[in-house]
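Numbering (the numbering used here), first residue to last: 54 to 1053.
Remarks on the structure that follows.
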């Protein structure tokens, strides 16, 4: 078994992550050095001259500000070394900034480097220039560029390598942060902050790019910031100024005097005296800590939190499978959290479970200094030798501050995924699933609330006394590869009984909490006919699961926002939400953000502001999985966890396992970060103030009923089939994008989306059809047409729909062609009336009270009119192939010499008919006119060459109205082939038989 302490793990992490651009360099001792230049352009900072990558470079400023030569770059090696020369590598793409004449200096006193040890001229071109001189000892090396090859004012260096026996030098900030000393001992917390700020100062271009998106400008690196001391003085002053404006403001007079004295000393200390300025930096940080902990919002002195390790597999779904859990940790209270000596109390130290399958057992995480030896293969299976102990996850504190909910997995039982299509059963051994527990904060009355072969986790106390949680009981798998079961939003009574499905979504959901309006706030992965890495955004719903709606960003362009907004929590007394901007191919850590739903949702980052701008968004913008599990005290102050070792790329899928080194911090929007507690052996997560909280006011609950759990629908199938709600649209023409000119919408087509009951990974059955252009990573979701409802002349509609099913809609013109289409899903509960203002209207637009009652609302709701055979569920063999055989096959066979498309059933390829293979690529559905939002009138039959050809007449062929409608329906429905996912059902559909899916 592996026994790794904190410092050893840091060393291992750093060694494993350092770039290896030169084989010989891997054999050398690597020393991190400080690099400073007289000028540097954004994205071409000086440290890039020593990052080991010749594709990057240092380049002096150019553009509006272009200082002239000479320019210089100075290296502080930290101690004396014997130097015998250097290698200068020019940029390879062009000659801009390539050095011609130069001087180099070596010395041990930066203020008196003396005469140059060498003056010379580099060879022209892009080849390396090796320069040698008689060995000379020194701590500092300076290369001074006197001229540029073409006489221009710039200087550039792709790589600069010093010739020192047995040593290679890398700039601080190049690759992982150097968090250990030369002897392997870990840096102190303040040393880590100093190193981090040095890296930020070298990355000014990043801060310039994100400045407009940052909540407080104080958190940026400003032009006036020269070193970490400048930064911490400025940010501490901003913190103190803000605290003085708060109710019950602390008396900061003495601390401000100390801060002013330190500022005076900083002013008198030379910017090049790095050691003295670092000492001052640490002195300022000590004053800052006292100021930060005097915050009146810290009106509590205890925190509930858990200890655990990151999951064994880096993916937004797999991280919450018990099968991927890393043993270790527990449930704790931090006493005296903001004192000089906080104490940790193990809540479960003496607790024995009193209820459930684990009655009589202790919940134990195992030894904290033992790293896991097992692994998770990403396809549902655990591999390798097991280490002892269970794993804890996602605590939540009751409103009265007395009871804690949490999830726990035993890490026992068989280690293989269970493949089947029985919706009443999960896919894992019960000992490999997270289950929900509760316990009093004093450790009494521990009870197991859920059990079985499903993962149940992320419990959340609701204002009505029930418990929301995330569960796999809905059934289904994700559609973009591998073996990943879905989990969605549920709730239950406080004793674990009366489990109800609140969300009928067909893909994964996460992290329920309660917002200030008394609604459930949670994250949903919504990728209907869209790329699989998009839209993991916050949604809201009532406590009984009505009216699910996205908060923002459901159609945002991926590169312009986070992949996922996780661990969302409402800011007290505000409509704002704090969240973690986290990756898709990683775990729920990244950069902290603040979401303001009152700002316009511009399909970009409009409502989002960065709280920790020094960390970019992981995956979409190259950031690190550094922050997580935020708990807001106000918009400016948050508890969270942070790990400085999580550099960009670390913890990404396929990059290996890292357990993490997350500690609990108090962060503010001004850029300050104060360590509250860290365990040197295992990470801490989800800090929650241990105090009573007011219960949010909630609206009335209208539904609560039997048959809503999809896994048990077979017990009340008739009741489920009869359950209905109603939907109303005020004006279908009210939309985000313009409609084609003279569009007249006459009907809405209503679909049911089906979850995928079998994996889409290695054991997948058949592809449901040609994949939509923007979603080629994903199986097209199966759907069936429930029917159509009329739209009145004023654009209004009012109709009944089946309850407790995931629905989406298309708007049809007078010819029955889809002009607009949802790429999302919703549902209604039994008896619910769900109203939409328009069709994809901007969410920021306030609905105006209608002066005239919409026509559709003057009458009872319409009943859906079912569509043709082969549309419910969808089936190309029953919907389209009969049309081809009635009208096309004979003629095409008679004219084989002209090489027409084969429109017969045989030969079957890709598990699709020959006709499908002939038509779908060239004539079938391609995309929605846009990778994110549908462009009205630019998709489906409306944009199809096939429809146009058939409508105008193909030779002497005139299709009947029904046959043309069947082709139209196929084109509007992403030109699918199958309407079920399962192999058995697919084979039956291939034979032309009607089939129902195993999971609805």
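The beta carbon of each residue, even a glycine, is placed where N, CA and C say it ideally should be.
All figures in this text were calculated on a predicted structure; none of them were measured in a lab.
- Looking from the CA of residue 396, the closest CA among 403, 402 and 388 belongs to 388.
- Scanning its chain for C-beta atoms nearer than 7 Å, with the 5 sequence neighbours on each side dropped, one finds around residue 971 the residues 954, 955 and 956, in chain order.
- Apart from the 5 residues on each side of it in sequence, residue 93 sits with its Cβ closer than 6 Å to the Cβ of 99 in its chain, given in chain order.
- Around the C-beta of residue 1010, fewer than 16 other C-beta atoms lie within 10 Å, and the residue is accordingly described as exposed.
- Here DSSP, grouped into helix, strand and coil, assigns residue 259 to helix.
- In terms of Cα proximity to residue 617, the closest of 634, 298, 605 and 959 is 634.
- A contact between stretches requires three or more CB pairs, one per stretch, nearer than 8 Å, and the stretch 423-437 meets this requirement with the stretch 368-383.
- Inter-segment contact for the stretch 501-519 and the stretch 462-481 is present: three or more beta-carbon pairs are separated by less than 8 Å.
- Cβ contact annotation for residue 716 (same chain, cutoff 7 Å, sequence separation greater than five): 694, 695, 728, 730, 731 and 737, in chain order.
- Per the DSSP secondary-structure output, residue 843 pairs in a beta bridge with 800.
- In the structure shown, the three-state DSSP call for residue 353 is coil.
- Annotation note: the stretch 506-560 contains the following uninterrupted beta strand (DSSP E) runs of length 3 or greater, listed N- to C-terminal: 509-514, 520-524 and 541-545.
- Here residue 683 carries a strand assignment [DSSP, helix/strand/coil].
- For the pair residue 512 and residue 572, the Cα-to-Cα distance works out to about 15 Å.
- Between residue 541 and residue 523, the gap from beta carbon to beta carbon is short of 8 Å.
- Excluding five sequence positions before and after residue 349, the CB atoms of its chain that fall closer than 8 Å to its own CB belong to 296, 299, 300, 301, 302 and 303, given in chain order.
- If you check the CB distance, residue 198 and residue 104 do not come in under 8 Å.
- Around the Cβ of residue 948, a 10 Å sphere holds fewer than 16 other Cβ atoms; the residue is exposed.
- The C-alpha of residue 830 is placed about 13 Å away from the C-alpha of residue 637.
- Judged by DSSP in its simplified three-state form, residue 248 adopts helix.
- A distance below 8 Å separates the beta carbons of residue 936 and residue 1016.
- Take residue 584, set aside five residues on each side of it, and the residues of its chain with a beta-carbon closer than 6 Å to its own are 827 and 828, in chain order.
- Going by beta carbons, residue 578 and residue 592 fall outside the 8 Å limit.
- Here residue 787 carries a coil assignment [DSSP, helix/strand/coil].
- The DSSP assignment places 929-932, 934-940, 942-947 and 967-976 as complete runs of the alpha helix (DSSP H) inside the stretch 916-997, in order along the chain (cut-off: 4 residues).
- The alpha-carbon separation between residue 162 and residue 189 amounts to approximately 14 Å.
- For residue 344, the uninterrupted alpha helix (DSSP H) segment begins and ends at 327-345.
- In the structure shown, residue 191 falls within a strand segment according to DSSP collapsed to helix, strand and coil.
- Distance from the CA of residue 565 to the CA of residue 681, rounded to the nearest whole angstrom, comes to 15 Å.
- Closest in C-alpha terms to residue 868, from the list 170, 586, 1029 and 1018, comes 1018.
- CA-to-CA, the gap between residue 675 and residue 931 works out to about 48 Å.
- Secondary-structure assignment with DSSP links residue 617 through a beta bridge to 589 and 635.
- According to DSSP, residue 1004 shares a beta bridge with no other residue.
- For residue 290, the closest C-alpha among the options 309, 158 and 277 is that of 309.
- Burial is judged here by how many other beta carbons sit within 10 angstroms of a residue's own beta carbon; residue 893 has at least 16 and is buried.
- Around the Cβ of residue 278, a 10 Å sphere holds 16 or more other Cβ atoms; the residue is buried.
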